[in-house]
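S.K.: Going down the list, the sequences are from chains L, P and H. With our numbering applied, the first sequence corresponds to residues 294 to 390, in that order. With our numbering applied, the second sequence corresponds to residues 588 to 789, in that order. With our numbering applied, the third sequence corresponds to residues 50 to 448, in that order. Where is the CB? At the ideal position from N, CA and C, for every residue including glycine. From a predicted model like this one, the values you see are computed outputs, not experimental measurements.
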Amino acid sequence: MVKDHKMGWKDLPEGDRLEAGTAANFKTGDWRSEKPVWNKDKCIQCMICWIDCPDSAIIIKDGKVAGIDYDHCKGCGICAKECPPKVRAITMEKEKK
Amino acid sequence: MANDRMIEIRWHGRGGQGAKTAALLFAEAVLSTGKYVQAFPEYGPERMGAPVQSFNRISEQPITLHCAITEPSFVVVLDPTLMDSVPVVEGLRKDGKVIVNTQFSAKEIAAKLKVSSDKVFVVNASKIAMDTIGLNIPNTPMLGALVKVIGDLDIEGVLKDTRHKLEQKFRHKPQVIDGNLESIKRAYNEVQSEQAVAAKNA
Amino acid sequence: MVQTTTKNGIIVAKTGNEIMAEAMRQIAPDVVAAYPITPATEIVQIFSQFVADGLVPTEFVAVESEHSAMSACIGSSAAGARTMTGTSSQGLALMHEMLYIAAGLRLPIVVALVNRALSSPINIHGDHSDTMGSRDAGWIQIYSENSQEAYDNLIQAIRIAEKAKIPAMVTTDGFIISHCMEVVEKIPDEDVKKFIGEYKPERPLLDYKKPFSVGAIDLQDYYFEHRYQLIDAMEKAKPIVLEVAEDFKKEFNREYGFYEKYKMDDADIAIVVIGSAAGTAKVAVDDIRKKGVKAGLIKLRVFRPFPHKELAQELSNLKAVAVLDRCDSNSGAPAPLYLEVTSALYTHCKSECPKVINYVYGLGGRDIDLHHIAYVYDMLGKIKTGTQIKKVVNYVNLR
Chain L
294 MVKDHKMGWK DLPEGDRLEA GTAANFKTGD WRSEKPVWNK DKCIQCMICW IDCPDSAIII
354 KDGKVAGIDY DHCKGCGICA KECPPKVRAI TMEKEKK
Chain P
588 MANDRMIEIR WHGRGGQGAK TAALLFAEAV LSTGKYVQAF PEYGPERMGA PVQSFNRISE
648 QPITLHCAIT EPSFVVVLDP TLMDSVPVVE GLRKDGKVIV NTQFSAKEIA AKLKVSSDKV
708 FVVNASKIAM DTIGLNIPNT PMLGALVKVI GDLDIEGVLK DTRHKLEQKF RHKPQVIDGN
768 LESIKRAYNE VQSEQAVAAK NA
Chain H
50 MVQTTTKNGI IVAKTGNEIM AEAMRQIAPD VVAAYPITPA TEIVQIFSQF VADGLVPTEF
110 VAVESEHSAM SACIGSSAAG ARTMTGTSSQ GLALMHEMLY IAAGLRLPIV VALVNRALSS
170 PINIHGDHSD TMGSRDAGWI QIYSENSQEA YDNLIQAIRI AEKAKIPAMV TTDGFIISHC
230 MEVVEKIPDE DVKKFIGEYK PERPLLDYKK PFSVGAIDLQ DYYFEHRYQL IDAMEKAKPI
290 VLEVAEDFKK EFNREYGFYE KYKMDDADIA IVVIGSAAGT AKVAVDDIRK KGVKAGLIKL
350 RVFRPFPHKE LAQELSNLKA VAVLDRCDSN SGAPAPLYLE VTSALYTHCK SECPKVINYV
410 YGLGGRDIDL HHIAYVYDML GKIKTGTQIK KVVNYVNLR
């Protein structure tokens, strides 16, 4: 049996409360089977990928797309799908494992 | 019997005649004389004109009883036509009294209700209400009659409290207040039994 | 002569509903969200008039159903507002799923509740089916014998709920108390304010500097732990109920506990009952004692948390006990209060348990008078001297 490291009732905050921002501590990057690859030169900074990413995994620096947070990206491919067809700055590649 | 000294009252009226209001007003007035009181209406699917009842308890001691009143010490009948359809004297205690709003004599009402005439008090509350308030609302005059028949309640205290209550309710219609108080006083003075009539004629 | 228990007490004649509304005005919650239902309508109707007249600064939210009322209360309470509502019967039933959420989120919402039968058939009168149906929802339940207790209980419930972080309902019997005018001693506004104190929520949702989520999903991994917190809080609410009662007595000289004992010191038979029927039963006890019968009465005030250990201790030395339920469990087994009482006795009795019989009474507001209660004590006298209980559940004043 796997040893349980979860909190007991005494340690949990009362009343089904969850602190904001705790998803950042939960690394979901290893869920991927395909990963998005961002091409800086092709990117027109339309920010559509940033709006549509369900995991807030598009890294923004100084108001511009700066890369992909592979610790949290689950590889859903929405960013690649939504990147305008004439631009295609994000493409999906097989994850090498 | 719970407490022989506890007074229990049953009011008979028709929906809209103010049987509930009378019981509530009466309770508040009696409280002002320093006694414990209860007032509760019988709730059902009543409508304007349907027979309704309401109740009071009065005691020197705190009242904990919360059952229905089935053996009243006093019965107040706001509408004389009820005597044809409702058994108004049902459960009346041995020493109980019934007070009826009517133009007939206590003797005639006693015969109609099939009770001895010493149990019956009459007052023409509808006429008093028409004279003083201008409307056939017999509940306030009957309150005065009840105070008189019960005997040991202070009419001045009752009038004072009722004035206070009515002043809150009818701030903009002072004539209603004076008329109501006058009706209580008149019924207090005019309510009579067969004995009182006999004594006067003797 | 009518007397006050404190020197600042104000004597008034009020119906149960009027005095509950008055208590709410004095408590002055931040938010009241409510939907009207007979016989509790007057409570929120009178209170909304107070709001309209500017007598209380509460935000009154008129909603479209009781489900919405409780939902709005949950939102408001989670935001950090002192929150109240009022309801009855079908209204409480419609709130049912939200009751569990309020409890699970540990929100100290206080409900002024008027007990009424549940349909069908439609009935507007008093019985305890509605709140007994919510007895395992994780709410504190405090029942009142009369208007005075309803008033005092509602004020105490605010402090109990906020300290225990569990929602609470304070009940009166529909019409029998809600529409019965009685003598009540009011507490001055400033004393109520002082007694309940200011509400300081631990984590208000409106604290934007420390944001958090409420009501997330818990699967097999955490649900049990979160629910256990509520179970533990209900156990810990017991001393809180007593502390608040103690403080209330110190301030206002009226005594409260889990239950009230009436002539129990030398009693060998007793009735356990909830609500207004206890008042009538006290008179019955007095009458019967004049005949030399050692009759006693326990009126349960706090049904949740249930004082099982304490109650068992009170009853264990008796010969025979009758538990009066204004509700049935419709289960082929006895009624709710009987089940709790007998389970308490079975769990805690050291030697011989008293014989216990169940009487269901007053469904749909059916009257229970002195004769009915005298009959129950009569039966207890017979059981005490060896008569076997043939039927565990019996029905009072049923044709």
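Secondary structure at I225 (chain H), three-state DSSP: helix, strand or coil?
M.R.: DSSP places I225 (chain H) in coil when its eight states are reduced to three.
S.K.: Shortest alpha-carbon distance to K358 (chain H) belongs to which of H:F261, H:V332, H:V390, H:G345?
M.R.: The residue with the shortest Cα to Cα distance from K358 (chain H) is H:V390.
S.K.: Taking C-alpha atoms, which residue in H:L255, H:I280, H:R276, H:A72 lies nearest to Q205 (chain H)?
M.R.: Closest option to Q205 (chain H), Cα to Cα, is H:A72.
S.K.: Residues of the stretch 611-629 of chain P with a CB closer than 8 Å to any CB of chain H: list them in chain order, please.
M.R.: Within the stretch 611-629 of chain P, the qualifying residues are L611, A614, E615, L618, G621, K622, Y623, V624, Q625, A626, F627, P628.
S.K.: Could one say the Cβ of I764 (chain P) lies closer than 8 Å to chain H's Cβ atoms, at least one of them?
M.R.: Not closer than 8 Å to any Cβ of chain H, the Cβ of I764 (chain P) fails to qualify, so no.
S.K.: Below 8 Å CB to CB, which residues in the same chain sit around A128 (chain H) once its five sequence neighbours on both sides are set aside?
M.R.: P253, L254, L255.
S.K.: Listed in chain order, which residues of the stretch 645-668 of chain P have Cβ atoms closer than 8 Å to some Cβ of chain H?
M.R.: Correct list: E647, P649, I650, T651, L652, H653, C654, A655, T657.
S.K.: Taking just the CA atoms, how far does V160 (chain H) sit from V372 (chain H)?
M.R.: Those two C-alpha atoms are separated by around 26 Å.
S.K.: Using only CA atoms, which one of H:N379, H:K343, H:V351 lies nearest to V370 (chain H)?
M.R.: The shortest C-alpha separation from V370 (chain H) is found at H:K343.
S.K.: Does DSSP put A589 (chain P) in a helix, a strand or coil?
M.R.: Below a pLDDT of 50, predicted positions are generally treated as unreliable, and A589 (chain P), at 49, falls in that range; the measurement from the model is reported next regardless. Correct three-state label for A589 (chain P): coil.
S.K.: If the cut is a Cβ gap below 8 Å, which residues of chain A does C376 (chain H) touch?
M.R.: The structure shown contains no chain A; the protein chains it does contain are L, P and H.
S.K.: Between the stretch 217-233 of chain H and the stretch 185-198 of chain H, can you find at least three pairs of beta-carbon atoms closer than 8 Å?
M.R.: Cβ pair count under 8 Å is three or more, so yes.
S.K.: Which word fits K331 (chain H), buried or exposed, when buried means at least 16 other C-beta atoms lie within 10 angstroms of its C-beta?
M.R.: The residue is buried, with at least 16 neighbouring Cβ atoms inside 10 Å.
S.K.: Residues in the same chain with beta-carbon distance under 7 Å from D362 (chain L), minus the five sequence neighbours each way, listed in chain order, please.
M.R.: Contacts found: A350, I352.
S.K.: Using a Cβ-Cβ cut-off of 6 Å (strictly less than) and excluding sequence neighbours within five positions of M588 (chain P), which residues of its own chain qualify?
M.R.: In this predicted model, M588 (chain P) has a pLDDT of only 45, less than 50, meaning its place in the structure is not dependable; the value taken from the coordinates is given anyway. Closer than 6 Å at Cβ, skipping near neighbours: no residue.
S.K.: Assuming I371 (chain L) and C346 (chain L) are in contact, meaning their beta carbons sit under 8 Å apart, how far apart are those beta carbons, in whole angstroms?
M.R.: The Cβ separation is near 7 Å, so the contact holds.
S.K.: Evaluate contact between the stretch 374-390 of chain H and the stretch 403-415 of chain H, counting only Cβ atoms and requiring at least three cross-stretch pairs below 8 Å.
M.R.: The stretch 374-390 of chain H, when compared against the stretch 403-415 of chain H, does touch it at the 8 Å Cβ threshold.
S.K.: Can you give me the C-alpha to C-alpha distance between P649 (chain P) and L618 (chain P), rounded to a whole angstrom?
M.R.: Near 12 Å, if we compare the C-alpha coordinates of L618 (chain P) and P649 (chain P).
S.K.: On the DSSP letters alone, give me the boundaries of the alpha helix (DSSP H) that F96 (chain H) sits inside.
M.R.: Start and end: 90-101.
S.K.: Can you tell me the Cα-Cα spacing of A28 (chain H) and L730 (chain P), whole angstroms?
M.R.: The structure shown does not extend to residue 28 (chain H), since chain H is modelled only from 50 through 448, so no value can be given for it.
S.K.: What does I383 (chain L) pair with, by DSSP beta-bridge criteria?
M.R.: Answer is L:W331, bridged to I383 (chain L).
S.K.: Classify F297 (chain H) as helix, strand or coil using the three-state DSSP reduction.
M.R.: Reduced to three states, the DSSP call for F297 (chain H) is helix.
S.K.: Determine the burial state of I207 (chain H): buried for a count of at least 16 other Cβ atoms within 10 Å of its Cβ, exposed for fewer.
M.R.: By the 10 Å Cβ count, I207 (chain H) comes out buried.
S.K.: Rounded C-beta distance between T53 (chain H) and E234 (chain H)? I'm assuming under 8 Å.
M.R.: Sure, about 5 Å apart at Cβ, within 8 Å.
S.K.: Can you tell which of P:G600, P:K607, P:W598, P:G621 has the C-alpha that lies nearest to the C-alpha of V61 (chain H)?
M.R.: When each option's Cα is compared against that of V61 (chain H), the closest is P:G621.
S.K.: Would you mind stating whether Q604 (chain P) and V709 (chain P) have Cβ atoms separated by less than 8 Å?
M.R.: Cβ distance not < 8 Å, so Q604 (chain P) and V709 (chain P) don't count as in contact.
S.K.: Assuming Q640 (chain P) and W598 (chain P) form a contact by the criterion Cβ under 8 Å, report the distance between their Cβ atoms to the nearest whole angstrom.
M.R.: At roughly 6 Å, the Cβ-Cβ gap stays under 8 Å, so Q640 (chain P) and W598 (chain P) are in contact.
S.K.: Considering only C-alpha positions, which residue in the set H:S325, H:A319, H:C402, H:Y395 is nearest to R415 (chain H)?
M.R.: Out of H:S325, H:A319, H:C402, H:Y395, H:S325 has the C-alpha closest to the C-alpha of R415 (chain H).
S.K.: Three Cβ pairs or more, each shorter than 8 Å: is that satisfied between the stretch 74-82 of chain H and the stretch 236-251 of chain H?
M.R.: The stretch 74-82 of chain H, when compared against the stretch 236-251 of chain H, does touch it at the 8 Å Cβ threshold.
S.K.: Run through chain P and tell me which residues come within less than 7 Å of K331 (chain H), C-beta to C-beta.
M.R.: Residues of chain P passing the Cβ test: T651.
S.K.: For I337 (chain L) and V380 (chain L), which I take to be in contact (beta-carbon distance under 8 Å), what is that distance rounded to the nearest angstrom?
M.R.: At roughly 6 Å, the Cβ-Cβ gap stays under 8 Å, so I337 (chain L) and V380 (chain L) are in contact.
S.K.: Which chain P residues sit within Cβ distance under 7 Å of G328 (chain H)?
M.R.: Here the neighbours are T651, L652, H653.
S.K.: Buried or exposed: which applies to N302 (chain H), given that a residue is buried once 16 or more other Cβ atoms fall within 10 Å of its Cβ?
M.R.: So N302 (chain H) ends up on the exposed side.
S.K.: Specify the secondary structure class of F691 (chain P) as computed by DSSP and reduced to three states.
M.R.: F691 (chain P): coil per DSSP, three-state reduction.
S.K.: Under 8 Å between C-beta atoms, does W324 (chain L) make it to chain H?
M.R.: Chain H, which has no Cβ nearer than 8 Å to the Cβ of W324 (chain L), makes this no.
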